[in-house]
Amino acid sequence: MGEIHKALMNDTSAPDLVEAHLASEPTVKLKNMLYHTARINCLAWSPDSSMVATGSLDTCVLIYEVDKPASNRITVKGAHLGGVYGLAFADERNVVSSGEDACIRVWTVTPQ
């Protein structure tokens, strides 16, 4: 598992590039992540770096498999009653989210 040194994301409501530098792996770029309808507040990488999850003011959590097209994303609509403000992978298949509704939720990821 690589250690994340930094993650960059532009500040617009629909970022077109996310870049992360891993300690033991080359740079990973996901382009055209244009599926949130509001600002992205948080981002988390899976422990094996095969997935990245994003949370937004639009109440959704989106999970991308880095080796598949962004259009194959997993979408959790209405993950929270307000914006999503925190994300973490508990393990390779479980994502934990926190939101404006003061709730913490666990989502099991089933890759497509």
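The sequence shown maps to residues 1 to 112 in the UniProt record's numbering.
Think of the CB as a built atom: it goes at the ideal place given N, C-alpha and C, for glycine as much as any other residue.
Among SER50, ASP48, SER98, whose alpha-carbon lies nearest the alpha-carbon of CYS60? Closest by alpha carbon: SER98.
Can you give me the start and stop residues for the beta strand (DSSP E) that THR75 sits inside? First-last of the beta strand (DSSP E) with THR75: 74-76.
Bridge partners for ASN94 per DSSP, in chain order? Answer is THR108.
Beta-ladder partner(s) of LEU55, from DSSP: One detail in the question is off: residue 55 reads as Gly in this sequence, not Leu. In DSSP, GLY55 forms a bridge with CYS42, VAL61.
What does the alpha-carbon distance come out to for the pair ARG39 and TYR85? Roughly 11 Å between the two C-alpha positions.
Per DSSP, VAL84 forms a beta bridge with which residues? Answer is GLY99, bridged to VAL84.
Is it true that the CB of ALA88 sits closer than 8 Å to the CB of ALA44? The Cβ atoms of ALA44 and ALA88 lie closer than 8 Å to each other.
Are ALA36 and LEU62 close, meaning C-beta to C-beta below 8 Å? Reading off the sequence shown, one finds His at residue 36, where the question assumed Ala. Contact: yes.
Burial state of CYS103, where buried means 16 or more other Cβ atoms lie within 10 Å: Exposed: under 16 other Cβ atoms inside 10 Å.
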